[in-house]
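All you need for this note's numbering is the position in the sequence shown, starting with 1, plus 83.
Cβ atoms here follow ideal geometry from the backbone N, Cα and C, with glycine treated the same way.
Since the structure is predicted, the reported quantities are computational estimates derived from the model, not experimental observations.
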Amino acid sequence: MRLNLLLVLGCALPLVACSQPPKSTAPVPSSEPMAAGADSAARCDAEKLNGLVGQTASEAVLAKAVKDSGARHARVLKPGMAMTMDYREDRVSIEVDA
Numbered sequence: 084m085r086l087n088l089l090l091v092l093g094c095a096l097p098l099v100a101c102s103q104p105p106k107s108t109a110p111v112p113s114s115e116p117m118a119a120g121a122d123s124a125a126r127c128d129a130e131k132l133n134g135l136v137g138q139t140a141s142e143a144v145l146a147k148a149v150k151d152s153g154a155r156h157a158r159v160l161k162p163g164m165a166m167t168m169d170y171r172e173d174r175v176s177i178e179v180d181a
């Protein structure tokens with residue numbers, strides 16, 4: 084009897100691993116969502132930042148990048164740094180060498 088129980092459990096456990104995961108919950112909205120058709124002044128225009136390429140990432144350069152791009156937020160990305168792939172029209176991502 085014990086051997087039969089062990090065989091049944093031994094066969095049933097791998098089947099549990101094949102079951103579907105629970106459904107995920109709805110994503111949490113951003114604290115500052117952009118409305119559809121939002122004012123174009125709130126959108127980032129990265130082409131205006133070509134003059135900053137090659138400069139040292141000082142506080143002044145970062146502030147100029149935010150101002151010139153029209154973005155509300157900035158994030159600095161260092162080599163090998165993890166980043167999210169979400170798209171935000173009001174944010175400029177600045178990649179630095181070190």
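- If you draw a straight line from the Cα of Leu-90 to the Cα of Tyr-170, it comes to about 51 Å.
- In the three-state DSSP reduction, Ala-165 falls in the coil class, being neither helix nor strand.
- Glu-142: member of the alpha helix (DSSP H) spanning 142-152, first to last residue.
- In the three-state reduction of the DSSP assignment, Glu-130 falls in the helix class.
- Just measuring C-alpha positions, the residue of Val-144, Ser-176, Gly-93 sitting nearest His-156 is Ser-176.
- Secondary structure note for Val-159: its beta strand (DSSP E) is the uninterrupted segment 156-160.
- Here the alpha carbon of Lys-150 sits roughly 18 Å from the alpha carbon of Gly-137.
- Secondary structure at Arg-85: helix, using DSSP grouped into helix, strand and coil.
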